[in-house]
């Protein structure tokens, strides 16, 4: 199985190193006849790209995406779509003095152990730069979903940053795009900003937790037993750089619950069955129930901080490492659009998987 | 992609419904020349099977596994291994009066919506009975690992059951197999037993959290970007019935950490690099580092409790549901051997994936 | 990728050795709600099984197929279908004195070189006994196709046996099931029978060529560039034991043709486009055109003949080998139902692949 | 499964339309540490590219390949390699008046029926231009094989062109690169040239047959039952544009043979077993035997000839079609380097597949 390909029906393969000439995604399995152009994808790139606020990394990339194939006269042809993004602001010299050091908390050492030869500049293939390609692929997925599932809505937002937690009572989706934290609570933005300024000045970094809400997903998506919808959503998020935990619905909290609290009871309405609660997070037995799907994941803090750390280099010498250059005090912020992209890819993938096996026909109830 | 197949090199496809004549696993990609027989696999089946303590379900299955192919004169041939387990104690009458009801918290309704036709007896394919087949496949994986990675050790245990948490200070791996909870703390067993008796008498159930520790995994396993070792471990656990969250290392707790706390510093020893801590949980950039790998997941409480619940049936009528019959007050207990089996399958899969691409040769450091 | 799995959406994995207790197929990706029972599949098994005429092998197997999962109350559930066939007439002693010899023309030696350990009895996994499992899987495919493509008709027949060729002028599909050769020409049956009797008495064997005609296949099936319909049909036939060549339409003969002869001109009729010829064999650019699809393949002669042959054994000793026991003077005869089964699996697979990507909607012409 | 991806371990996904800005291949699963640069791949591109002789198409493309990722400091990193070739000489106006016509013998009509929307310029994705990307991927495979199997030698050549057949008695591999036909017989080149000149002047085209000889392939490659080496070689060749038949060893001729003629007897030598003949074409039971592997395939004549043909357009109107512009009177010539590339990819793929399952260890004989 491709190690750099995600998906089963709607598939994309990403390529490119952080400091190579370009990176991109080869997207295959795309339904034909879908309206798509570079500007449409670019909107998703812009939400992600570095340099959009003082809190994210200072590397300035335009992240302009080009479509090199698979689209003709504004519509997809069903053939592979090559998306390419050129790297313009690599600043290789930033990494000059740690060229062969293995940075603690980074994949440098494991890549060296596995491959024996790596492009170390900027972390090479292990860099989060790769997520730019995912977001581009996610843009294609969104274009298809806009046509096949017009009621679908995917919304990502931060729920935690270090010591700070989202106040769910104050949840306001309308605030998400108006602050640099994708925070659904305008009243907390100043506190979050002050907090992160403090972290940066301490030459430190913090972790984060992000939640993605999927509304309007039809029932019946998911393919038990080993392509369950929650399995694929979990894998999608876990594959993002620095992710350490994934939850669906109640998540790790389900361990403390009792059966009386946890089961979502069912009633019948004019439009069919409906549930009285949603502890399941919209997925039962690996198949969507029609309710809101809730996925949440944690991102560990950035390791490339500028306080000295004990490390080794590729000669096996013990060194003290200070990483200079541009780094995020909280990489979690930029993962929000990446998570939305992954969710879009998974939902579309499962829509196509479902129609392969069942033709999209649903079983009757009542 | 097979929806009922797990793995990329070492692959198994499970089949069988809870109340069908049999269930099993077709295991492919097995290295030849490995010592294997039914008794070896049976030991793993026995750890899992129902009726082994008063706290697990009262369905009495021998779970005797038969090897129908792929093994000759006690050694694997490299051809597919068919493992079959006959169902002997279905008690279809237990499910008689809920035959067409959709039990809250179960996959009944989503299976009906997706497939339109389901084997409802005992939950059919959505039943945790399927995990018996996984454990059998895991037995094959363990046999291969015993030969290819003799230092590997996979240990699963409970860390939480409802309101009770493992006291990590008292951690004693030697206690795990001496109590019905796979609890690594002999001193807490009585409390856990009393607690669960209370839950059962209340006609209720509780969730659980399980941890799997993998020791002796070599560095270099895992295939970025979309077959990372942690991604596959997460997917493996998330695919188990009733799992709602998965964590690697610090897991969801990484969101609250700072960079100074989180990075595992590196030093050089006589036998190569070593780390001063293990917040990463043994995996960096999706590739194993040689340190202990720690995976943890939550299981939601059983829904099949005997207190009345509001539900509907397949005619669309609203009903009140009491499920009689045999049920687990805590399904999490039986998931421990299942989790170990999944971990074994993932590690072996990645060992073979790695040797496909790199021949198993590691890069030099120093 | 599974090495023992065929297909992409409609997939089956075969298992079982020639002299093991059983063999079978695990079929996954099956649409739900399709009428299916053992008797339906058994009709395809009966067309194939040994001992049905004096000209095929004398091993007497009932080839009774059992359905162990995936079907409930006479309809498929969309979950994996386990098909099992028990071996009852192995006659292991027939192979006693060649137990460790490598028979010329057989896979004995290559299996030993690759795997190092093999079940040598009856050829183990390399035996054509495996095709019984394919035919069972093909039966499931036929059941689905009967519902999804009721106009589809798959007909296999012999076109050559050693020195004898089908007289295409006398082609009569109605004759196929009335003679032991699946020959579409009743007038030639006696000649074929006499010829083959002569071959057997000479302790020799002959090759064969088989053609499969697929009528009523809708246009649009096939997924360029690497899952073209003709590619998958070729792979399907080439995977059958002893196949050495595969042709689509004009086949190898296309090398001698000119462009003026070869292109199929297009006209417009009341029901849409139609072609004035069919040199293409029903497939253009890897996609079906709606015309009859013609696939043809050759099978080499059986090697297990009873005249002495120079060989070696697994000690590396040179020996003279006479194979006793039951053998086919022409294995090609029994491959006809196998080829039909493979064609059914491929067509169904592509039907599902197509509906995944396009929803089955066709582009307009005129 | 990716519809535009070839391979299982060593995989490449091609992308790009004939008249798009570029085309290319995303190559994944590449072993790290292999010496590779653009010049190495370019040599294979140059053997294939149009305009290299008066007999091949007049479209002039430099086919300069760029490596955009996966290689660092001259060695592969084990990460995906993006190969890109820019299109520079599309001459879209050549296709102006057949923009919406469906050319007989081409995939225009089937693409329209399947996808509903196609890039018609130059045949879009169905054009043989796609094979340039295959050849680039084949170049990467060759670089890896040079390191892993230095004794391997892959040689492609023409064996038939229309009415002309290679005289095998005069076979001389040294002549292949010295004439525009890749013909291994210098004495016949003038006849072939005169013949093809005649075809072109008649505004016609001819088919061809090509053979690929693989020498030095180790025994044991191939993964029965559904990833047999011959199955994958057949699929590889059948996937090339305009291929209609594929043969291994004796091919279709095996149908006429008897068992006494066909089996390759086995003897024992100082270096292990050897065969007295090679009717099998180097593959037994789907696994390589160590002997020369012989694959042969036919290519149908070009349909884009300039004599008028009856066709229809996408409005459903009947038309007479004359295709102007640049066309090959024999596309088979340019398929020789493509076939070599495909063979390289298959052999490498199987080498990696084998080492995944067996670690590359061979079974002992004697």
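Protein chains in written order, with the working numbering: chain D, 1 to 366; chain S, 367 to 732; chain C, 733 to 1098; chain F, 1099 to 1464.
All C-beta atoms in this analysis are idealised placements derived from N, C-alpha and C, irrespective of residue type, glycine included.
Since this is a predicted model, take the numbers as computed values, not measurements.
Going along the chain, which residues of its own chain have a beta-carbon closer than 6 Å to the beta-carbon of residue i, five neighbours each way excluded?
i, result
"residue 1227/F", "1116"
"residue 71/D", "36"
"residue 528/S", "572"
"residue 675/S", "470, 687"
Considering only C-alpha positions, which residue in the set the options is nearest to residue i?
i, options, result
"residue 818/C", "809/C, 794/C, 833/C, 803/C", "794/C"
"residue 979/C", "973/C, 969/C, 1032/C", "969/C"
"residue 278/D", "271/D, 269/D, 263/D", "263/D"
"residue 940/C", "806/C, 918/C, 914/C", "914/C"
"residue 1046/C", "1433/F, 1145/F, 1410/F, 1364/F", "1364/F"
"residue 1016/C", "1103/F, 1108/F, 1370/F, 1202/F", "1202/F"
"residue 1240/F", "1354/F, 1204/F, 1357/F, 1442/F", "1442/F"
"residue 863/C", "962/C, 777/C, 933/C, 1000/C", "777/C"
"residue 578/S", "369/S, 726/S, 702/S", "702/S"
"residue 363/D", "666/S, 502/S, 475/S", "475/S"
Give a yes or no on whether the C-beta atoms belonging to residue i and residue j are separated by under 9 Å.
i, j, result
"residue 799/C", "residue 775/C", "no"
"residue 350/D", "residue 235/D", "no"
"residue 886/C", "residue 1079/C", "yes"
"residue 611/S", "residue 254/D", "yes"
"residue 76/D", "residue 138/D", "no"
"residue 113/D", "residue 722/S", "no"
"residue 481/S", "residue 810/C", "yes"
"residue 759/C", "residue 867/C", "no"
"residue 953/C", "residue 1085/C", "yes"
"residue 257/D", "residue 667/S", "yes"
"residue 685/S", "residue 473/S", "no"
Run through the DSSP bridge pairs and tell me what residue i is partnered with.
i, result
"residue 760/C", "743/C"
"residue 467/S", "679/S"
"residue 1164/F", "1182/F"
"residue 804/C", "807/C"
"residue 892/C", "897/C, 941/C"
"residue 520/S", "580/S"
"residue 1028/C", "943/C, 979/C"
"residue 589/S", "593/S"
"residue 273/D", "268/D"
Taking buried to mean at least 16 other C-beta atoms within 10 Å of its own C-beta, is residue i buried or exposed?
i, result
"residue 1394/F", "buried"
"residue 270/D", "exposed"
"residue 1248/F", "exposed"
"residue 9/D", "buried"
"residue 1409/F", "buried"
"residue 594/S", "buried"
"residue 982/C", "buried"
Report yes if the C-beta of residue i is less than 8 Å from at least one heavy atom of the ligand ADP; otherwise report no.
i, result
"residue 291/D", "The ligand content of the structure shown is nil, which means the ligand ADP is not present either."
Please return the same chain residues whose Cβ sits closer than 8 Å to the Cβ of residue i, not counting the five positions on each side in sequence.
i, result
"residue 124/D", "17, 18, 19, 111, 118"
"residue 172/D", "184, 185, 186"
"residue 1263/F", "1257"
Which residues in the same chain as residue i place their Cβ atom closer than 7 Å to its Cβ, once the five residues preceding and following it in sequence are excluded?
i, result
"residue 657/S", "641, 644, 648"
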